[in-house]
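Residue numbers (UniProt numbering): 1 to 325. Following: one structure in structure tokens, then a few remarks.
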Ligand code: PMV
């Protein structure tokens, strides 16, 4: 009863921001992401008869407390689905996602864990079922089941059976780049869970955010179909700014940005004014991701690396979906 799987992180171009159901992790809005080849998690799960509890190792370290409890709570769902409530596992997970990169390693982490655990326990789950399972570990993780451009359809049912990711275009469809710009010092952030809750509950701009999503989604899919970097980038950048605007209108207001975040945004817009099609997006943290086409690699990298307060720049290509190892 042993299996291992690998999954990559993803960056949302149309953000998931706000839940309509917290325990099941059902989103208020559909979202769209690009899976990245540069950052991934590899996880093995071994269900063993001699265990009476789960044992979780992250990067070779034995883990206890909240992090372990989140893994066990997720495996409880897998055990329930497989009808094996007493099957406990030894889990080894290795994150190839620098925490400082500001990517939720929970996305690659839960996608790899769901795939390995389902296979190890003998639960036959196709990719759609795997995406539904993964979603219940971490929302954005459900998109990491697939490679390339991926849409997470929010669904309408209260049991979550129609809330899952669907592939839009495969990893080798379009050769584009995402630079993760890592800041020298990242302050402790408001977790996405808390940020979403506060925004949904109190932000006067939140309804406008939800209303804006169908148009953004339709337009960005046209842009992807046409391999139009200007269109895809403009929509992604505007969608990111609209998401962050909802946090400024929350009560109490908050922002994920630091001064370096704003410097990077301005540098990208200045670069664009010189004719280089580069566009930014930002998740629930201060780091910035920059989208561009490979012929502009050198210029974009140089500009980003020279900004005061930037620690490192890590470039990714589109990545593949979950695989078994
Ligand atoms: O799935 P979570 O809880 O890590 O939330 C992700 C939220 C954003 O990264 C801000 C947007 C997204 O769609 O990934």
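Glycine included, each C-beta is placed from N, C-alpha and C at the ideal position.
Please classify residue i as buried or exposed, where buried requires at least 16 neighbouring CB atoms within 10 angstroms.
i: residue 220; result: buried
i: residue 2; result: exposed
i: residue 38; result: buried
i: residue 65; result: exposed
i: residue 237; result: buried
i: residue 10; result: buried
i: residue 305; result: exposed
i: residue 122; result: exposed
i: residue 135; result: buried
i: residue 207; result: exposed
i: residue 62; result: exposed
i: residue 283; result: buried
i: residue 294; result: exposed
i: residue 48; result: exposed
i: residue 225; result: exposed
i: residue 67; result: exposed
i: residue 29; result: buried
List the DSSP bridge partners of residue i.
i: residue 48; result: 88
i: residue 43; result: 5 and 93
i: residue 289; result: 180 and 281
i: residue 150; result: 33 and 167
i: residue 14; result: 32
i: residue 228; result: Residue 228 pairs with nothing; no bridge assigned.
i: residue 299; result: Partner(s): none; residue 299 has no beta bridge.
i: residue 58; result: 61 and 93
i: residue 256; result: The partner list for residue 256 (beta bridge, DSSP) is empty, contrary to what the question assumes.
i: residue 189; result: In DSSP, residue 189 forms no bridge with anything.
i: residue 312; result: 182
For residue i, I'd like the list of residues in its chain whose CB is within less than 8 Å of its CB, leaving aside the five on either flank, ordered along the chain.
i: residue 391; result: Not covered by the structure: residue 391. The range shown for the chain is 1 to 325.
i: residue 70; result: 137
i: residue 255; result: 244, 247 and 248
i: residue 231; result: 219, 220, 222 and 223
i: residue 51; result: 88, 89 and 90
i: residue 212; result: 239 and 242
Note down, in chain order, each residue of its chain lying with its Cβ closer than 6 Å to the Cβ of residue i, except the 5 sequence neighbours on either side.
i: residue 92; result: 44 and 57
i: residue 204; result: 249
i: residue 303; result: 267 and 271
i: residue 296; result: 276
i: residue 113; result: 43
Confirm, please, whether the CB-CB distance from residue j to residue i is below 9 Å.
i: residue 324; j: residue 115; result: yes
i: residue 170; j: residue 140; result: no
i: residue 166; j: residue 153; result: yes
i: residue 36; j: residue 8; result: yes
i: residue 321; j: residue 148; result: yes
i: residue 261; j: residue 183; result: yes
i: residue 193; j: residue 12; result: no
i: residue 118; j: residue 133; result: yes
i: residue 34; j: residue 318; result: yes
Looking only at its own chain, which residues have a Cβ that is under 7 Å from the Cβ of residue i, when we skip the five neighbours before and after it?
i: residue 15; result: 31, 239, 240 and 243
i: residue 23; result: none
i: residue 272; result: 278
Quick one: does residue i have its CB under 9 Å from some CB of chain C?
i: residue 297; result: Of the protein chains in this structure there is only one, and it is not chain C.
For the segment 274-293 against the segment 75-95, are there 3 or more C-beta pairs whose distance is under 8 Å?
-> With the rule of 3 Cβ pairs closer than 8 Å, the segment 274-293 does not count as touching the segment 75-95.
Does the segment 196-207 touch the segment 153-168, meaning 3 or more C-beta pairs lie closer than 8 Å?
-> The segment 153-168 is not in contact with the segment 196-207.
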